[in-house]
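Trainee: Structure below; questions to follow.
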Amino acid sequence: MSTIMDMRIRRDASRSDYQRVHLSEDLLDKADQGADHDSESLPEVDIRRYRKIIALQWGAILFLLICTSAFLLALVLNRPGDKQCGIQTTVWSPANEAIEYVDLEIENGFAHESPYRGPPTPELEGAWEKLWRCMSQQYIRKGE
């Protein structure tokens with residue numbers, strides 16, 4: 007029975023050690039007003055500590071933002087050029103150094119006019135026949 011009483015006394019004693027946790031709005035309001043509000047007013051030390059924590063949080067956010075920006079900038083500026091991509095994606099050859107890359111727009115896209123496009127007409131069929139005959143003769147000559 008005495009152990010139960012001892013536990014209750016200890017628990018009641020430990021409750022008196024707790025302090026009220028103030029919200030950030032309460033801290034700012036009391037700091038701005040500068041007046042004491044009953045017995046719940048915060049000491050100046052707590053307000054300074056709270057402001058220091060806020061400053062450290064903003065400093066950490068700013069530091070992370072700067073680091074992320076620097077990383078992205080380095081990533082964009084360190085992009086390999088056409089020559090580097092060509093060297094990395096092809097088999098090694100001494101001629102790789104002599105290759106000059108040119109941006110070229112091929113004019114045989116889907117919307118481009120061509121003698122091989124359009125509705126079936128005798129002229130279109132003739133153009134295809136001529137193309138196929140020419141190609142098959144080249145293969146026959148090479149295979150002979």
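Following my numbering, the numbering of the sequence shown begins with 7 at its first residue and continues without gaps. Glycine is no exception: its CB is placed at the ideal position from the N, C-alpha and C atoms. Treat the numbers as computed from the prediction; the structure is a model and nothing was measured.
In the DSSP assignment, find the unbroken alpha helix (DSSP H) run with E50 in it and report its ends.
Mentor: It spans E50 to L83 - the alpha helix (DSSP H) in which E50 sits, taken as one unbroken run.
Trainee: So, using beta-carbon positions, are N102 and I93 closer together than 8 Å?
Mentor: Contact flag set, yes.
Trainee: To the nearest whole angstrom, what separates the beta carbons of A133 and P121, a pair I think is in contact under 8 Å?
Mentor: Their Cβ separation, rounded to whole angstroms, is 5 Å, which keeps A133 and P121 in contact under 8 Å.
Trainee: Would you report the Cα separation of L109 and R123, rounded to the nearest angstrom?
Mentor: The amino acid occupying residue 109 in the given sequence is Asp; Leu does not appear at that position. So the alpha carbons of these two residues sit roughly 26 Å apart.
Trainee: In whole angstroms, what is the alpha-carbon distance linking A80 and E135?
Mentor: The alpha-carbon atoms of A80 and E135 are separated by roughly 55 Å.
Trainee: Can you grab the Cα-Cα spacing for the pair V97 / N84, in whole Å?
Mentor: If I take the Cα positions, the gap works out to 23 Å.
Trainee: Could you give the residue range of the alpha helix (DSSP H) that holds D109?
Mentor: Counting along the chain, D109 falls outside any alpha helix (DSSP H), and DSSP gives it neither H nor E.
Trainee: Alpha carbon to alpha carbon, what distance is there between E129 and S137?
Mentor: According to the sequence as given, residue 137 is Leu; it is not Ser. When rounded, the distance between both Cα atoms is 12 Å.
Trainee: Tell me the DSSP secondary structure of P126 in three-state form.
Mentor: Of the three classes helix, strand and coil, the one that applies to P126 here is coil, per DSSP.
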